[in-house]
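Just so we're aligned, residue 1 is where the sequence shown starts under UniProt numbering, counting upward by one. Using N, Cα and C, we set each Cβ at its ideal position, and we do this for glycine too. Notes follow once the structure below has been shown.
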Amino acid sequence: MTVSLEQLRRCHIAVDLGAARTRVFVKGAGLVVDEPSAAAVNTRTGALIAVGQFAEQMTGRTPGYIRVVRPVSGGTVVDIEMAQRMLRHLLGEKLRRTLRRKPRLRAAACTPHDADPLAQRAAVETMVGLGARRVELVDTLIAAAVGCGLPVERPEATMILVCGAATTQVAVLSMGSIVTAERIPVGGEAIDHAIVQHLRHQHELMLPSQSVRPLQLALSGNGLTPHGPESTEIHGRDVATGLARSVHVDTAAVRDAIHTPLTAVLDGIGKVLRDCPPDLVADLADRGIMMVGGSARLPGLDQMLRDATGMPVQIVERPDVCAVLGLGAMLEGKIQPLVLDPLSG
């Protein structure tokens, strides 16, 4: 773990800045913010028009002088000033006033596995802009494992797959630390993009807005599995004429379209298992893989992983908020470290 539990217990606020959504946990108040990581800006004046859900709805529907920006990409803050402005507006005046009363505000933030020093610095600067005097960084994999109730502090192997919007992270944890981990630059957005390209090339159809999750339109029920519906009707705009048009899309063809990005995820899982000690792999045969993250809800993805690995795969009840809830549990002292008494000789 990048930081001790004792230091985390002194923190007042925990933030999970993701490429898709931003979540804030305040000690004593619980999860207070769960909004899309988006902000709408007037390019003429520089004024912030909207943040969160309202800004997300504006994507693709604004006049030229209003731009919807995303200050977080791939779990890393790419625009510190905009991230600070977005967080301030998401928190609201009342909550910020409460936090300002704390003389030495401490904050905790999630960072992707193996984040470079520049990405870590950007996360710290963003939290300092909110008034934090000290910032503790926690690996997203550890926070997510704690949030979904895995016994990470015990000498037993637990495998977690964090399916994000821009990246997928997979790791084997034991004794409260990461044994082996892999960060794959493929996430929900890459899978969405594969379907958008398939519809454009095969059916000459453009979807009305990139903010609409095309995956949820193209796959209904258990659409990724062969037992799903054979075809799905999708409405969009004709590439040539620009007129509205509907097409019936074969879901088997959609499965083939998203096979390439999903193959990269399967390769990453295989690499982690190859690098893992045999004793821990034996534990995983029974425990299997725990899936968290917003893209874990992809229809049929869990079954595809079961078929490819031969291991049991589970999706937690609230996969999208596991990381911030894990941070919150650490802040409130609900996680007890395993105490190892040195043997007296």
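Here the segment 30-40 lies against the segment 49-56, with 3 or more beta-carbon pairs under 8 angstroms apart. Exclusion of the five residues before and after R61 leaves no residue of its chain whose Cβ lies closer than 6 angstroms to its Cβ.
For L48, the uninterrupted beta strand (DSSP E) segment begins and ends at 48-51. According to DSSP, residue pairing for M206 in a beta bridge involves R237. Here F25 is bridged, per DSSP, to A14, L31.
The residues V170, E182, I184, in chain order, have a CB closer than 6 angstroms to that of G268 in the same chain once the five nearest residues on each side in sequence are set aside. The criterion of a C-beta distance shorter than 8 angstroms is not satisfied by E136 and Q303. In terms of Cα proximity to T180, the closest of L161, G293, V247, G149 is L161. Between D16 and R23 a beta carbon distance of about 5 angstroms is seen, short of the 8 angstroms cut, so the two are scored as contacting.
Scanning its chain for C-beta atoms nearer than 6 angstroms, with the 5 sequence neighbours on each side dropped, one finds around A296 the residues C163, I315, P319, in chain order.
A107 has its alpha-carbon roughly 30 angstroms from the corresponding atom of Q57. For H248, there is no enclosing alpha helix (DSSP H); the residue is part of the beta strand (DSSP E) that begins and ends at 244-250.
By the CB criterion at 8 angstroms, T158 and M311 fall outside the cutoff.
DSSP places L173 in the uninterrupted beta strand (DSSP E) bounded by 168-174. About 5 angstroms separates the CB atoms of A123 and A109; that is less than 8 angstroms, so the two are in contact. Per DSSP, the continuous alpha helix (DSSP H) segment holding T126 begins and ends at 117-128. Distances from the alpha-carbon of M82 to those of I195, I258, G236, M127 put M127 closest.
M290 sits in a strand when the DSSP states are folded into three classes.
When C-alpha distances from T111 are compared across V146, Q84, G74, the shortest belongs to G74. In the DSSP assignment, T158 falls within the beta strand (DSSP E) that extends over 158-163. Taking E230 as reference, the option from D238, L243, H248 with the minimal CA-CA separation is H248.
Residue burial is scored here from C-beta neighbours: T260 has fewer than 16 other C-beta atoms within 10 angstroms and is therefore classed as exposed. A direct Cα-to-Cα measurement between G18 and T167 gives close to 10 angstroms. With at least 16 other beta carbons inside 10 angstroms of its own, T140 counts as buried. Counting along the chain, the unbroken alpha helix (DSSP H) around I269 starts and ends at 259-275.
Within the segment 34-100, the complete alpha helix (DSSP H) segments of 4 residues or longer fall at 53-58, 80-91, 93-100, listed in chain order. Where V138 is concerned, the enclosing beta strand (DSSP E) starts and stops at 134-139. Distance check between H203 and each of A253, S177, G147, I178 places A253 closest, using alpha-carbon atoms only. Counting along the chain, no alpha helix (DSSP H) covers R154, and no H or E run does either. In the three-state reduction of the DSSP assignment, I335 falls in the coil class. Ranking H235, L91, P155, S177 by CA distance to the CA of L199 puts H235 first. Taking each of E317, E156, I49 in turn and checking the Cα distance to L173, the smallest one comes out for E156.
Going by DSSP, E6 is part of the alpha helix (DSSP H) stretching over 5-9.
Each of G187, A119, L31, D114 was checked against the Cα of L90, and the nearest Cα belongs to L31.
A308: member of the alpha helix (DSSP H) spanning 301-309, first to last residue. In the structure shown, the three-state DSSP call for V321 is helix.
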